[in-house]
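Here the structure is laid out as structure tokens; the discussion comes afterwards.
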Amino acid sequence: KHLEAASQRPSSAPAFPIHLKALRLNTAAMKVLLVLAALVAFAAADCTKMQRLKVKEQWHHVYGTGHTRLEAGRVLWRAMFAHKPASRDLFHRVNGDDITSPEFGAHSARVLGALEMAIDLLDHEETLDKALAHLHQQHIERHVPSSFVHAFKDVLMELVPAGLGRCFDREAWEACLDVVLHGVFDHHE
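Okay, here's the thing in structure tokens:
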């Protein structure tokens with residue numbers, strides 16, 4: 665049918681005017697979609713004040729207090745080492761081969777304590793920047809590969825919602841963890 669319609673078209677008519685118009689509309693629509701996607705990405709990359717408060721509240725709910733923190737650390741590191749086995753090599757000096765050892769438990773408490781401090785400071789940006797700069801200096805000599813940092817974030821993004829259930833705000837956590845992890849591992853003075 666399409667061939668018959670094309671053969672009945674007057675010879676002076678353009679061959680595909682409808683398709684050209686559709687192409688122009690599609691190109692314009694794509695430009696609009698690209699701009700909107702960039703705006704959404706920009707907005708999603710920002711850890712807003714409300715998101716900062718929400719992440720703080722949700723972290724305290726998941727991380728808990730006392731013995732719960734020790735268990736939370738073991739769960740996190742067990743998941744981290746399963747997700748990225750080579751990351752265990754960074755923890756030889758703190759007995760990373762035995763996550764139940766007192767040495768590793770103390771290190772886990774320091775790491776998660778630093779994460780908690782950063783989360784607690786999310787709504788105090790000037791102090792947060794100083795704390796992240798200090799943590800950055802501590803991590804320079806450790807040469808933590810970015811793939812391990814991404815794996816750590818991936819593990820947190822699996823464990824935190826498991827502890828929170830439907831209250832978990834993925835956008836807030838993505839944006840605010842990026843602020844913290846970028847500050848520690850990619851900090852630019």
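Quick note: the sequence shown uses our numbering, first residue 665, plus one each step. Beta carbons are placed, not taken as given, at the ideal position from N, Cα and C, and that holds for glycine.
- Taking the runs of the alpha helix (DSSP H) that are 4 residues or longer, which of them lie wholly in the segment 800-846? 810-828
- What's the C-alpha gap between H798 and T791? 11 Å
- Please go through the same chain and pick out, in chain order, the residues whose beta-carbon is closer than 7 Å to the beta-carbon of A778, but skip the five residues on each side of it. The answer, listed in chain order, is L799.
- Would the beta-carbon of A836 fall within 7 Å of that of K720? Against a cut-off of 7 Å, the Cβ pair of K720 and A836 comes out as no contact.
- Message: Give the list of continuous beta strand (DSSP E) stretches no shorter than 3 residues that lie fully inside the segment 757-789.
- Response: none
- Item | Inter-residue spacing [alpha-carbon to alpha-carbon] between K794 and V844 | 12 Å
- What is the residue span of the alpha helix (DSSP H) that R752 lies within? No alpha helix (DSSP H) holds R752; DSSP gives it neither H nor E.
- Query: Could you give the residue range of the alpha helix (DSSP H) that holds T732?
  - Reply: H731 to H747
- Check whether the segment 723-731 touches the segment 741-754, taking contact to mean three or more Cβ pairs, one atom from each stretch, closer than 8 Å. The segment 723-731 is not in contact with the segment 741-754.
- Query: With DSSP run on the structure shown, which of helix, strand or coil describes D793?
  - Reply: helix
- Residues near E767 in its chain [Cβ-Cβ closer than 6 Å; skip 5 each side]: V758 and N759
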